[in-house]
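Chains as they are written, first to last, in the numbering used here: chain G, 1 to 334; chain U, 335 to 668. All C-beta atoms in this analysis are idealised placements derived from N, C-alpha and C, irrespective of residue type, glycine included.
This is how it looks when you write it as structure tokens:
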């Protein structure tokens, strides 16, 4: 933030810097995208438009799991494995709660110490924001900037307990769910529906005598997933075990994601999904813009809150509340 | 439709008719709600506001499953069981595809022959419409009218293969998934995520020698569901078998839904969920209204289609497309 406040670059400087892979400028460009200042909007849009032809060449992977599953250590180890395999990677996070929890994920770069210092990796601390939609949008656009900067893998981390998984699912090609062995209490932290979103489940911490339990958990999930419907991309979700401690299973995950890409590119679902994701983001963007418009107008915002309370307690119908709010909006604008 | 075209009642006639349980007027009121005519809007809103205090007293149950699972015969048998147990019921359907498929669900009332002639039941053929949002909204408001008319159970049927399950899930208290024995090809028709939404899975057609396979399938699903996280209402989804042919399992399903209601009312999640659902419908309504506004304005609509194509093919960013569409909307209104 300090860097950015000190100096705002020209559109050309941002664009050339990002495309040439200059990570200082990449960071500044992401800060520009994340800016809430109205005067930054046009510049952000210009930069994004210009780098668009350089995007789309990476594989985008979403990684989720409850706190305690070992996401950071997994990403550190898997990231280093990717680098060893000749790849480069950017790590981003969606965490709308980071303001409250003071950066629960990626807030502290030291949690991925080796990775964040590696020249082949770029670790961006979590974007903060009040609305999930806003944070998610910034993360998606940050991912585009990272692609333009030449990173071949984009990892998007999310906390696995809230609404953010759908947002991540809508911006990645492959969705990896990290789980602990033992389908006990910790399971209840995961939000419903996430399991079915997963293209792969990896049981973490399969080390230090925990290997057998991890293998057994993997087999149970494998059996369970067979009962569930496949995605329209006809990919049967895989289940594996891994250890961030000794690196076991990292190559298998790397190979599986490669096989997934070959499979989905082969049947056309890879590109189809990306096109649909673009469209989803456009539509979400229109809704967000509308919400922001309501929020910037005092009378609309007051009415919105008033109506929300009345609707919740069933004092007026959603139909009437909708009409009243819309009428107010039309009045405000015209 | 004919009745409605012949005669439009006054607000007072609709309201009194619905509240007194007059099913001819109930049908006319639903037709009014479903009307796409702008001049019907104010009347529909007035009727809905007036009946609102009479709503909320039923239990709302969503029922889904792929074609072939036997939804209609199940609903017929389960509905008669409800009536035998002293209940009354209204059956509605969400099926945005019904225009194309000429009423694939509930389109033909004869598919629930006994139920549709029973004085304690009301079966409403599927609403038609071009957008899922629109159809779902009408179904939700039709359900409110049915509640005001005194029905103690509202069953909302959906096809189980599209986007409509989320919409149904957002308007019911309890979500019942019908499945066939044998986790074979037929499974692939079900959309991902539906399984995890279910509060109960019932294996249908457990009769005529199929009982053992059904029991086994039920056990497999039971094992699988244990691996999955519970809802925040702390309800562990149940799995059972049933037969619409001989009525086996109907009492168990009836009892389970009762137990669910007791459980969720006990921990407060029943009312909490309904409040949240009200809010969701309000927000969805605002978005739909916005979409409709775009559609009624030629230049906005053209721009929208143009931008959708460009966004899909990555020619412009979602960010820019959003801004362009929003600017156009502001211009149109002011």
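Between which residues of its own chain and residue 252 of chain G is the CB-CB distance below 8 Å, once the five residues before and five after are set aside?
The answer, listed in chain order, is 240 and 242.
Please list the segments of the alpha helix (DSSP H) lying wholly inside the region 585 to 664 of chain U, counting only runs of 4 or more residues, in order along the chain.
Taken in chain order, the complete alpha helix (DSSP H) segments of 4 residues or longer contained in the region 585 to 664 of chain U are 603 to 630 and 632 to 646.
Just to confirm before moving on: does the CB-CB distance between residue 19 of chain G and residue 59 of chain G stay below 8 Å?
For residue 19 of chain G and residue 59 of chain G, no; Cβs fall outside 8 Å.
With residue 57 of chain G as the anchor, note down where its alpha helix (DSSP H) starts and where it stops.
Unbroken run through residue 57 of chain G: none, as it is neither H nor E.
Would residue 322 of chain G pass as an interface residue toward chain U - the criterion being a Cβ-Cβ separation below 8 Å?
For residue 322 of chain G, at least one C-beta of chain U is nearer than 8 Å to its own C-beta.
How long is the line joining the alpha carbons of residue 317 of chain G and residue 78 of chain G, rounded to whole angstroms?
Taking the CA atoms as reference points, residue 317 of chain G sits about 51 Å from residue 78 of chain G.
When burial is assigned at 16 or more other CB atoms within 10 Å of the CB, is residue 404 of chain U buried or exposed?
Buried.
Distance between beta carbons of residue 48 of chain G and residue 144 of chain G, contact taken as under 8 Å
Contact between residue 144 of chain G and residue 48 of chain G is confirmed by a C-beta separation of about 7 Å, below the 8 Å threshold.
Could you check where the beta strand (DSSP E) with residue 240 of chain G kicks off and where it finishes?
Per DSSP, residue 240 of chain G is one residue of the beta strand (DSSP E) stretching across 238 to 241.
What does residue 508 of chain U reach in chain G if we use C-beta pairs closer than 8 Å?
By Cβ distance, chain G contributes nothing, its closest Cβ being about 15 Å from residue 508 of chain U, past 8 Å.
Could one say the Cβ of residue 278 of chain G lies closer than 8 Å to chain U's Cβ atoms, at least one of them?
With 8 Å as the cut-off, residue 278 of chain G counts as an interface residue toward chain U.
Using three-state DSSP, classify residue 37 of chain G as helix, strand or coil.
The answer is coil: DSSP assigns residue 37 of chain G none of H, G, I, E or B.
What are the residues of the region 134 to 146 of chain G that lie near chain U, defined by any Cβ-Cβ distance shorter than 7 Å?
Of all residues in the region 134 to 146 of chain G, those with a C-beta nearer than 7 Å to a C-beta of chain U are 141, reading in chain order.
Residue 312 of chain G at chain U interface by Cβ criterion, 8 Å
It does: the Cβ of residue 312 of chain G has a partner Cβ on chain U nearer than 8 Å.
Between which two residues does the beta strand (DSSP E) holding residue 424 of chain U run?
Where residue 424 of chain U is concerned, the enclosing beta strand (DSSP E) stretches over 423 to 428.
For residue 542 of chain U, count the other beta carbons within 10 Å of its own beta carbon; 16 or more makes it buried, fewer makes it exposed. Which is it?
With fewer than 16 Cβ atoms within 10 Å of its Cβ, residue 542 of chain U is classed as exposed.
Buried or exposed for residue 330 of chain G, please, with buried defined as at least 16 other CB atoms from any protein chain shown within 10 angstroms of its CB.
Counting Cβ neighbours within 10 Å, residue 330 of chain G comes out exposed, since fewer than 16 surround it.
Which word fits residue 527 of chain U, buried or exposed, when buried means at least 16 other C-beta atoms lie within 10 angstroms of its C-beta?
The residue in question, residue 527 of chain U, is buried, as its Cβ has 16 or more Cβ neighbours within 10 Å.
Inspect the beta-carbon positions of residue 64 of chain G and residue 168 of chain G and report whether they are closer than 8 Å.
The answer is yes: Cβ separation under 8 Å.
Please report how far the alpha carbon of residue 101 of chain G lies from the alpha carbon of residue 116 of chain G, in whole angstroms.
Confidence in residue 101 of chain G is poor, its pLDDT being 40 and thus under 50, which makes the residue's placement unreliable; the coordinate value appears in the next sentence. Whole-angstrom Cα-Cα distance: 22 Å.
Beta-carbon proximity of residue 289 of chain G to residue 660 of chain U, cut-off 8 Å
Taking 8 Å as the cut-off, the Cβ atoms of residue 289 of chain G and residue 660 of chain U count as close.
Could you name each continuous beta strand (DSSP E) segment of 3 residues or more that falls completely within the region 197 to 238 of chain G, going from the start of the chain to the end?
Runs of the beta strand (DSSP E) lying entirely within the region 197 to 238 of chain G and spanning at least 3 residues, in chain order: 200 to 203.
Residue 535 of chain U beta carbon less than 8 Å from that of residue 568 of chain U
A distance of 8 Å or more separates the beta carbons of residue 568 of chain U and residue 535 of chain U.
Quick check: what's the CA-CA separation for residue 605 of chain U versus residue 387 of chain U?
A direct Cα-Cα distance of roughly 15 Å separates residue 605 of chain U from residue 387 of chain U.
Is the separation between the beta-carbon of residue 89 of chain G and that of residue 153 of chain G shorter than 8 Å?
Against a cut-off of 8 Å, the Cβ pair of residue 153 of chain G and residue 89 of chain G comes out as a contact.
In angstroms with no decimal places, state the Cα-to-Cα distance between residue 544 of chain U and residue 514 of chain U.
When rounded, the distance between both Cα atoms is 10 Å.
Please classify residue 275 of chain G as buried or exposed, where buried requires at least 16 other C-beta atoms within 10 Å of its C-beta.
With fewer than 16 Cβ atoms within 10 Å of its Cβ, residue 275 of chain G is classed as exposed.
Unbroken alpha helix (DSSP H) run spanning residue 514 of chain U, endpoints
For residue 514 of chain U, there is no enclosing alpha helix (DSSP H), since its DSSP letter is neither H nor E.
Would you list, in chain order, the members of the region 541 to 562 of chain U that have their beta-carbon closer than 8 Å to a beta-carbon of chain G?
Listed by position along the chain: 554, 555, 557, 558, 560, 561 and 562.
Give the residues of chain U in contact with residue 34 of chain G, contact being defined as C-beta atoms less than 8 Å apart.
Those within 8 Å of residue 34 of chain G in chain U number zero; the least Cβ separation is about 12 Å.
Where does residue 508 of chain U sit, in a helix, a strand or coil, going by DSSP?
Three-state DSSP puts residue 508 of chain U in a strand.
Where the alpha helix (DSSP H) through residue 414 of chain U begins and ends:
Residue range 405 to 418 is occupied by the alpha helix (DSSP H) that includes residue 414 of chain U.
May I ask you to report which of helix, strand or coil DSSP gives residue 11 of chain G?
Judged by DSSP in its simplified three-state form, residue 11 of chain G adopts helix.
DSSP three-state label for residue 156 of chain G, please.
Three-state DSSP puts residue 156 of chain G in a strand.
Answer with buried or exposed for residue 199 of chain G, where buried requires no fewer than 16 other C-beta atoms within 10 angstroms of its C-beta.
Flag for residue 199 of chain G reads buried.
Rounded separation between residue 257 of chain G and residue 118 of chain G - CA only
Between the alpha carbons of residue 257 of chain G and residue 118 of chain G lies a distance of about 23 Å.
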